[in-house]
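Dropping the structure here:
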């Protein structure tokens with residue numbers, strides 16, 4: 125009912141502000157694009173249902189960084205202010221990119237569906253949004269061609285469900301090393317069955333194993349592992365930004381300082397920054413290169429860029445005032461990726477893009493313009509901008525990297541991950557457009573479909589091996605907490621009690637957990653801040669170990685000291701209202717002294733041996 129009222133009010137406002145005054149134009153436009161809109165809605169629904177079914181076979185909200193992402197959503201659901209409280213660092217706000225989590229928290233609030241379900245719905249929604257956004261963007265990019273729908277469809281398939289060529293490489297490598305360089309179908313089949321899907325994202329530095337580990341993920345891997353992370357949340361938003369620029373290019377008349385472009389770009393880049401800060405730099409770069417190629421006026425491009433950054437800063441300021449960047453500077457790399465490995469990751473895209481690059485260069489030379497792109501269509505400029513920026517993003521981590529807390533062998537892993545993820549998106553988008561550009565070439569069509577099939581092999585391995593890696597007992601549905609009933613029944617009961625009986629965000633105390641473990645379930649599932657959660661994550665977010673390390677020591681003291689006054693003083697220091705004592709606390713703190721808690725608190729809930737103490 126809340127959603128219905130909001131929808132009705134907004135539709136009424138849109139009608140009075142825009143449609144009523146321009147009814148004839150609206151009617152004509154709607155009739156023209158109705159079939160396209162209907163197709164988009166059908167595609168959205170099909171992908172949403174399909175990925176919901178995939179998630180329903182393994183809906184558990186656990187593993188990798190799901191506790192973190194779910195905790196951000198639950199904290200946002202409880203908060204009365206922004207930024208939301210950090211559920212793993214009581215008394216401090218989230219110092220990370222939380223805007224995407226906030227969006228899904230708002231959808232959860234409006235829908236009145238528990239976050240244990242909407243977490244999985246959010247993943248399915250992202251998958252379907254990415255597919256339909258890519259389809260719409262590329263179909264419009266190729267709108268001058270008869271096969272524009274195919275362009276959108278193939279780009280959407282590559283972006284949403286495509287992988288790289290690693291599975292083919294790995295399977296063939298196993299075959300030839302096992303059979304003395306001879307082809308053996310039986311070995312191929314066995315190696316295919318044993319293929320481990322994360323290997324496609326952990327290839328350079330891992331195979332062969334050297335002291336230069338990298339990460340090179342892509343959207344499908346994100347959808348399979350289902351971490352609701354910033355780089356995933358931001359995909360529909362950056363696709364919207366690209367669509368905004370495409371729309372600008374299609375209505376462009378002459379080079380000028382366009383304040384609608386400046387304001388719109390500043391706003392969208394600020395949203396990208398708050399959702400995944402790296403994307404501000406990536407799409408800011410695209411914005412600059414696209415404008416320079418499109419307007420061919422350095423002065424206007426510079427003025428537009430400076431004004432856009434100013435408005436980006438103003439739009440971002442409320443977020444930036446409470447956010448401390450985690451980067452520690454820029455360094456030169458001392459080890460690079462072998463070209464043959466980069467070719468396995470991106471060679472398919474390079475083969476698809478090369479004919480188009482040659483075509484653009486030849487077109488410029490033919491018109492004797494030496495860099496003046498007047499003779500090239502706006503769609504071609506947009507496409508070549510995608511290729512240029514995607515290639516730059518792959519080159520950058522081969523030259524420099526952003527220093528962070530990660531150990532030496534992973535020194536450039538995060539930089540490469542954040543950049544090549546967006547490169548994969550850009551290459552995928554441009555591929556469908558190039559296909560229809562060269563649709564008359566039988567050879568190119570054959571090349572495209574061979575590469576398309578090669579990239580679409582990965583989903584089979586990824587979905588299958590992810591499902592096989594989960595317990596055979598499958599929870600058919602989207603409830604992400606049912607696994608807790610079997611593995612942590614007492615914690616499950618505590619979570620339900622806290623979510624039912626505790627309002628707002630009082631602070632709790634639970635055992636400090638190592639990152640990527642099953643500790644800190646309660647703070648994650650409730651959004652109630654604990655004194656210290658995943659230690660390495662807080663180390664990263666707080667820009668050093670001193671604060672998280674001191675808190676970890678204090679938590680140990682609270683649980684293990686026999687001095688009730690000392691424990692109470694520390695609890696008051698962090699304003700703790702509820703103390704959790706369960707199996708994980710007893711495991712983490714073998715010298716746990718529980719009796720002292722009764723001197724200044726009372727048991728308000730108990731399930732098995734797990735107790736919740738309320739501090740007086």
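Residue numbers (the working numbering): 125 to 740. Beta carbons: idealized from backbone N, C-alpha and C, even for Gly.
In this structure, residue 351 keeps its C-beta atom at 8 Å or more from the C-beta atom of residue 396. Apart from the 5 residues on each side of it in sequence, residue 342 sits with its Cβ closer than 6 Å to the Cβ of 548 in its chain, given in chain order. Contact between residue 225 and residue 540 does not hold, since their C-beta atoms are separated by about 24 Å, which reaches or exceeds 8 Å. Within the same chain, 685, 686, 687, 688, 691 come within 8 Å of residue 720 by CB-CB distance, once the 5 residues on both sides are set aside. Taken through DSSP and simplified to helix, strand or coil, residue 297 comes out as helix.
Annotated three-state conformation of residue 331 is coil, per DSSP. When the five nearest sequence neighbours on each side are left out, the beta carbons in the same chain lying within less than 7 Å of the beta carbon of residue 381 are those of 424, 427, 428, in order along the chain. Rounded to whole angstroms, residue 216 and residue 661 show a C-alpha spacing of 14 Å.
The alpha carbon of residue 578 has as its nearest neighbour, out of 473, 407, 347, the alpha carbon of 473. With 16 or more other Cβ atoms from the protein chains shown falling within 10 Å of its own Cβ, residue 608 counts as buried.
Shown here for residue 680: same chain residues with a beta carbon closer than 7 Å to its own, the five before and five after excluded, namely 713 in chain order. Counting only runs that start and end inside the segment 583 to 664, the alpha helix (DSSP H) elements of at least 4 residues fall at 606 to 611, 613 to 625, 645 to 650. Only residues of its own chain outside the window of five on either side were considered, and among them 513 have a CB closer than 6 Å to the CB of residue 410, listed in chain order. The continuous alpha helix (DSSP H) containing residue 247 extends over residues 239 to 265. When rounded, the separation of the alpha-carbon atoms in residue 295 and residue 173 is 32 Å. Taking a C-beta distance under 8 Å as the contact criterion, residue 300 and residue 585 do not qualify as a contact pair.
Judged by beta-carbon spacing, residue 502 lies within the 8 Å limit of residue 373, meaning their Cβ atoms are closer than that value.
Spanning the alpha carbons of residue 201 and residue 168 requires a straight line of approximately 26 Å. Ranked by Cα distance from residue 240, the options 602, 370, 297 are led by 602. Pairing residue 289 with residue 551, the inter-Cα distance amounts to about 14 Å. Note on geometry: alpha-carbon atoms of residue 536 and residue 524 lie some 8 Å from one another.
In the three-state scheme derived from DSSP, where H, G and I count as helix and E and B as strand, residue 734 is classed as strand. Taking C-beta atoms under 8 Å as the contact rule, residue 252 and residue 175 qualify, at a distance of about 7 Å.
By the neighbour-count definition (other C-beta atoms within 10 Å, threshold 16), residue 624 is an exposed residue. Shown here for residue 509: same chain residues with a beta carbon closer than 7 Å to its own, the five before and five after excluded, namely 410, 413, 414, 417 in chain order. Between residue 401 and residue 221 a beta carbon distance of about 6 Å is seen, short of the 8 Å cut, so the two are scored as contacting. Under DSSP, residue 729 forms a beta bridge with 736.
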